[in-house]
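Residue numbers (this note's numbering), protein chains in the order written: chain A, 1 to 233; chain B, 1 to 233. Glycine is no exception: its CB is placed at the ideal position from the N, C-alpha and C atoms.
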DNA sequence: GTCTATATTGTGATAGAC
DNA sequence: GTCTATCACAATATAGAC
């Protein structure tokens, strides 16, 4: 894991030469932060202006620049804080549960929920166009979101394999496959289309995905060679 | 299907009251078009300027505005033309082939190739942030790219089912599942990270995905109920 | 720390000569 | 149709008073 942005809010930093922040100052910084969050997430980086952010925060533009060196800095700080919350929204499957399909289903519902207009989706949307300009931010989001979720789930699968409940030679690959199966084109839809996917299709993705996954990786059936389920060649 | 943008390049339109375009004019329009493509695909809509596009095209800004009413118009025209080419890059599986796994593999390689820095990926990247502002463009890209590919593949699966080579109760769902299995997080990686996925992992996605898919949908094995492969509940 | 006012640059779009 | 020159405006960022 990379170093966490433990201290995101500036202004009250210890040892930066400035006096300790007063409550009113801290409050304004928070206001700017919230405003930046709202505006950036709605309009994206390029289409957002410091003017609008300042107005929404109820402060002057100069005050914004007193706490954040420039637009890029404010954007980075906002995204980093947003990423910290993302990992909390990812379901942690219970390896001790007896109901394996049930755990998969909880995981699946969590995945589809994340792609149904959640907050991580909004961050992703505004990160995509600027990822080349802010490579660090792309990495942070990737690590806190998809990578974290995939690794947790892979660990769950590894345990299920050890206990003989599934037969999974490559848990990391299997985790990516399961997530992808459930996700389908939900992310694509959410990015490009206005109308959300009908709930029945989401259900079909969930149940169909679980079925395909269990069919490929269940422990009982016909013998399987190493490297994956039933290599066709 | 929606109406195709059959005529993308303006200036020589019949019946618009202007005289037929001379060769030099047509050439300039093409230059503007190419420049717009390059600049928009690199910097996105908001971060691109008409100034830069004109300079790159080797013409004046006024000339650009003589052929395209405004920035939005130029962007739309460029994206629409770009979308027309996307469908051509999608592999059309051969339903008459005897080598089923081979066809799946060709399809899979095509999918991974599209997500390895192709052109459609660049269009997607710049479309994401402006999709709410240009809803039509999102739909066009979706229809010409993912939807078209999925439907073609679903038809292939339907035929394979009819001929008893696979057992697929829901070809549309199965097509989405296969594409997603192969894709994995390749698209996510390409959007957020600079380093491309190692080739060996791409191979694992392809072979593992084909294996999982065939395992779930092959015609021979244990009896399966309707609605999908082995509903776990 | 916070404000108002402003410097400076760059943008989309146009007028008018040729 | 194409250019040069320019308008009107919005953007980031800063000076200086309090």
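Problem - As assigned by DSSP and simplified to three states, the class of residue 80 of chain A - result: The residue given as residue 80 of chain A occupies position 80 in the first chain. Correct three-state label for residue 80 of chain A: helix.
Practice task
List the endpoints of the continuous alpha helix (DSSP H) containing residue 180 of chain B.
Solution key: Walking along the second chain from the start, residue 180 of chain B turns up at place 180. Run containing residue 180 of chain B: 171-183, per the alpha helix (DSSP H) assignment.
Practice task
Assuming residue 83 of chain B and residue 140 of chain B form a contact by the criterion Cβ under 8 Å, report the distance between their Cβ atoms to the nearest whole angstrom.
Solution key: Along the second chain, one-based indexing puts residue 83 of chain B at 83. Along the second chain, one-based indexing puts residue 140 of chain B at 140. Right, the Cβ-Cβ distance comes to about 5 Å (below 8 Å), so this counts as a contact.
Exercise for the section: Return the first residue and the last residue of the alpha helix (DSSP H) that residue 201 of chain B is part of. Expected result: Locating residue 201 of chain B in the second chain gives position 201, where the first residue counts as 1. Residue 201 of chain B -> alpha helix (DSSP H) spans 199-217.
Exercise for the section: Please classify residue 166 of chain B: does DSSP put it in a helix, a strand, or coil? Expected result: Along the second chain, one-based indexing puts residue 166 of chain B at 166. Residue state, collapsed to three classes: strand.
Practice task
Report yes or no: is there a C-beta of chain B within less than 8 Å of the C-beta of residue 126 of chain A?
Solution key: The sequence position of residue 126 of chain A within the first chain is 126, counting from 1. With 8 Å as the cut-off, residue 126 of chain A counts as an interface residue toward chain B.
Exercise for the section: Report yes or no: do the segment 23-32 of chain B and the segment 111-119 of chain A share at least 3 C-beta pairs separated by less than 8 Å? Expected result: no
Practice task
Report yes or no: is there a C-beta of chain B within less than 8 Å of the C-beta of residue 198 of chain A?
Solution key: The residue given as residue 198 of chain A occupies position 198 in the first chain. Closer than 8 Å: no.
Practice task
Anything in chain B within Cβ reach of residue 165 of chain A, meaning under 9 Å, just list it in chain order.
Solution key: To locate residue 165 of chain A, count along the first chain from 1; it is residue 165. The premise fails here: residue 165 of chain A is roughly 13 Å from chain B at the closest Cβ pair, so nothing lies under 9 Å.
Practice task
Could you tell me which chain A residues have their CB closer than 8 Å to the CB of residue 180 of chain B, listed as they occur along the chain?
Solution key: Your numbering for residue 180 of chain B matches position 180 in the second chain. Neighbours of residue 180 of chain B on chain A, chain order: 180, 181, 183, 184 and 185.
Practice task
Indicate whether at least one CB of chain A lies closer than 8 Å to the CB of residue 134 of chain B.
Solution key: Here residue 134 of chain B corresponds to residue number 134 of the second chain, with the count starting at 1. Closer than 8 Å: no.
Exercise for the section: Would you kindly work out how many angstroms separate the C-alpha atoms of residue 216 of chain A and residue 39 of chain B, rounded to a whole number? Expected result: Taking the first residue of the first chain as position 1, residue 216 of chain A is located at position 216. Taking the first residue of the second chain as position 1, residue 39 of chain B is located at position 39. The straight-line gap from Cα to Cα measures roughly 45 Å.
Practice task
Answer yes or no: does any C-beta atom of chain A fall closer than 8 Å to that of residue 34 of chain B?
Solution key: Position 34 of the second chain holds residue 34 of chain B. For residue 34 of chain B, not one C-beta of chain A is nearer than 8 Å to its own C-beta.
Exercise for the section: Establish whether the CB of residue 139 of chain A and some CB of chain B are separated by less than 8 Å. Expected result: As a working note, residue 139 of chain A is residue 139 in the first chain. Yes, its Cβ sits closer than 8 Å to a Cβ of chain B.
Problem - Where residue 146 of chain A meets chain B, residues with beta-carbon distance less than 7 Å - result: Within the first chain, the letter at position 146 stands for residue 146 of chain A. Residues of chain B passing the Cβ test: 185 and 188.
Practice task
Between the Cα of residue 145 of chain B and those of B/25, B/47, B/35 and B/80, spot the shortest distance and give me the residue it belongs to.
Solution key: Here residue 145 of chain B is taken as the residue at index 145 of the second chain, counted from 1. Out of B/25, B/47, B/35 and B/80, B/80 has the C-alpha closest to the C-alpha of residue 145 of chain B.
Problem - Counted within 10 angstroms of its Cβ, other Cβ atoms place residue 207 of chain A as buried (16 or more) or exposed - result: Mapped onto the first chain, residue 207 of chain A falls at position 207. By the 10 Å Cβ count, residue 207 of chain A comes out buried.
Handout entry: Between the CA atoms of residue 71 of chain B and residue 47 of chain B - distance to the nearest angstrom
Key = Counting from one through the second chain, the residue named residue 47 of chain B turns up at place 47. Counting from one through the second chain, the residue named residue 71 of chain B turns up at place 71. For residue 47 of chain B and residue 71 of chain B, the distance between alpha carbons rounds to 12 Å.
Problem - Reduced DSSP category for residue 45 of chain A - H, G, I as helix; E, B as strand; rest coil - result: As a first step, residue 45 of chain A is located in the first chain; it is residue number 45 there, counting from the start. Looking at residue 45 of chain A - three-state DSSP - the assignment turns out to be coil, as it is neither helix nor strand.
Exercise for the section: Specify, as a first and last residue, the run of the alpha helix (DSSP H) that residue 109 of chain A falls within. Expected result: On the first chain, position 109 is the one that residue 109 of chain A refers to. Element bounds for residue 109 of chain A: 100-114.
Handout entry: Proximity to residue 245 of chain B [Cα-Cα], best of A/143, A/34, A/104 and A/44
Key = Any question about residue 245 of chain B goes unanswered here, given that chain B covers just 1 to 233.
Problem - C-beta atoms of residue 193 of chain B and residue 149 of chain A nearer than 8 Å - result: As a working note, residue 193 of chain B is residue 193 in the second chain. As a working note, residue 149 of chain A is residue 149 in the first chain. Between residue 193 of chain B and residue 149 of chain A, the C-beta gap is not smaller than 8 Å, which leaves the two residues out of contact.
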